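Enquirer:
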Amino acid sequence: PTKVQCGGLDPVQLGATRWLDGVIVGGVYAAVSPLAREDAPRDKRGLYGSLLNIGYPAALGFITIITIIILRFFPGGGISSPYVVWGWRVPFVIGFVLSGILFLYYLRSVPESELWTKMPKVKNPLRTLCSGRNLRSLSTAFIVGSGAWFTLDGTIGVFSSHFKKLGTDISVINSVVLLAAAIGIFAFPFIGIAGQRYGRREVFLVLGAVNLVIAPAAFALAISNSASPAIGPWSATTGIVCALLVWGLS
2 PTKVQCGGLD
12 PVQLGATRWL
22 DGVIVGGVYA
32 AVSPLAREDA
42 PRDKRGLYGS
52 LLNIGYPAAL
62 GFITIITIII
72 LRFFPGGGIS
82 SPYVVWGWRV
92 PFVIGFVLSG
102 ILFLYYLRSV
112 PESELWTKMP
122 KVKNPLRTLC
132 SGRNLRSLST
142 AFIVGSGAWF
152 TLDGTIGVFS
162 SHFKKLGTDI
172 SVINSVVLLA
182 AAIGIFAFPF
192 IGIAGQRYGR
202 REVFLVLGAV
212 NLVIAPAAFA
222 LAISNSASPA
232 IGPWSATTGI
242 VCALLVWGLS
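According to our numbering, the sequence shown holds residues 2 to 251 in order.
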């Protein structure tokens, strides 16, 4: 239902569905990434992890292409436009179908982790996770992961809406996201190899510095030149790529 139909419940619905989506994504990533590295050769775990993470920019690019196609047939605009009323739901339906197919394949074809099956089981896993050395490791992972998510949400998450308000055409916005996703797909394996060779901590520090210095400067340049057909889009692309690169490490 729309905001007109449900009133104040609209933000509650959005918050609840986003929270549920976050729980699901966190569970999938936390399980699949270690499983992929477990089966990978020891000297190629960084590369295999980055290939797994290519799924994000690939999905971002795929959704952008789907959105471009939908907007050609069902234009957006006011609150009663075809895209706003129901067209935006099409990518979710496609994602639901693809996820269902992948779930069935995973359920039937991917075996359980050998390391996990051989490990001694504890009575209270949550208490074990939140105590002693495990708690310190969890805290570090939470801080790093939250920083990566905030960086991503601060770029891709607000890019479209903010630049629409600046008067940037939707076709330019979609092209920027699509180009950034393509660059991310190409760059992720190199980020994974660098993490394997030089250490993930060192590469994280370098990418953190990139997001502290280059990304803000790129977005500042893009905002101040939003009307430029060259400087604005290319600067925005640079900022988004800086945020994406962090996810090349697994």
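C-beta: ideal position from N, C-alpha, C; glycine also.
Please read these numbers as outputs of a predicted model, since none were measured by experiment.
1. Report the residue ranges of all beta strand (DSSP E) runs contained in full by the region 138-198; include only those spanning at least 3 residues, in chain order.
2. List the endpoints of the continuous alpha helix (DSSP H) containing S229.
3. Count the other C-beta atoms from every protein chain shown that fall within 10 angstroms of the C-beta of T129, then say buried if there are 16 or more, exposed otherwise.
4. Have a look at P92 and G77 and give me their C-alpha separation to the nearest angstrom.
5. F164 and S82 - do their beta-carbons sit closer together than 8 Å?
6. Exposed or buried, G133, counting other C-beta atoms within 10 Å across all chains shown (16 or more means buried)?
7. Within 10 angstroms of the Cβ of I55, are there 16 or more other Cβ atoms? Answer buried if so, exposed if not.
8. Report the three-state DSSP secondary structure of K124 (helix, strand or coil).
9. Along the chain, where does the alpha helix (DSSP H) that runs through D40 open and close?
10. At which residues does the alpha helix (DSSP H) containing S100 begin and terminate?
11. Counting C-beta neighbours from all protein chains within 10 Å, is the total for S236 16 or more, i.e. buried, or is it exposed?
12. Assuming F189 contacts S51 (C-beta within less than 8 Å), just tell me the rounded distance between them.
13. Taking the Cβ atom as the reference point for each residue, do A41 and Y49 lie within a distance shorter than 8 Å?
14. When DSSP labels each residue in this structure, what does L136 get in the three-state scheme?
15. With a threshold of 8 Å, are at least 3 pairs of Cβ atoms found where one atom belongs to the region 199-218 and the other to the region 120-129?
16. Rounded C-beta distance between A216 and C243? I'm assuming under 8 Å.
Expert: According to the data block:
1. Segments of the beta strand (DSSP E) lying fully in the region 138-198: there are none.
2. If you number the sequence shown from 1, residue 229 lands on position 228. Here S229 belongs to no alpha helix (DSSP H), and DSSP marks it neither H nor E.
3. Locating residue 129 in the sequence shown gives position 128, counting from the first residue. When all chains shown are included, T129 counts as exposed.
4. Residue mapping note: residue 92 aligns to position 91 of the sequence shown, counting from 1. Residue mapping note: residue 77 aligns to position 76 of the sequence shown, counting from 1. A straight-line Cα-Cα distance of about 15 Å links P92 and G77.
5. Residue numbering aside, residue 82 sits at position 81 when the sequence shown is read from its first letter. Residue numbering aside, residue 164 sits at position 163 when the sequence shown is read from its first letter. In this structure, F164 does not lie closer than 8 Å to S82 by Cβ.
6. Here residue 133 corresponds to residue number 132 of the sequence shown, with the count starting at 1. The residue in question, G133, is exposed, as its Cβ has fewer than 16 Cβ neighbours within 10 Å.
7. Numbered from its first residue, the sequence shown carries residue 55 at position 54. Burial check for I55: the Cβ neighbour count within 10 Å reaches 16 or more, so the residue is buried.
8. For the purposes of this step, residue 124 is taken as residue 123 along the sequence shown, with counting starting at 1. Looking at K124 - three-state DSSP - the assignment turns out to be coil, as it is neither helix nor strand.
9. By 1-based counting over the sequence shown, the position of residue 40 is 39. Element bounds for D40: L10 to D40.
10. Here residue 100 corresponds to residue number 99 of the sequence shown, with the count starting at 1. Element bounds for S100: R90 to S110.
11. Here residue 236 corresponds to residue number 235 of the sequence shown, with the count starting at 1. Burial call: buried.
12. The sequence position of residue 189 within the sequence shown is 188, counting from 1. The sequence position of residue 51 within the sequence shown is 50, counting from 1. Right, their Cβ atoms sit about 5 Å apart.
13. Looking up residue 41 in the sequence shown gives position 40. Looking up residue 49 in the sequence shown gives position 48. With respect to Y49, A41 sits close: the two C-beta atoms are nearer than 8 Å.
14. Counting from one through the sequence shown, the residue named residue 136 turns up at place 135. Looking at L136 - three-state DSSP - the assignment turns out to be helix.
15. In this structure the region 199-218 does not lie against the region 120-129, because fewer than three pairs of beta carbons, one per stretch, are closer than 8 Å.
16. Your numbering for residue 216 matches position 215 in the sequence shown. Your numbering for residue 243 matches position 242 in the sequence shown. Yes, A216 and C243 are in contact; Cβ-Cβ is about 4 Å, under 8 Å.
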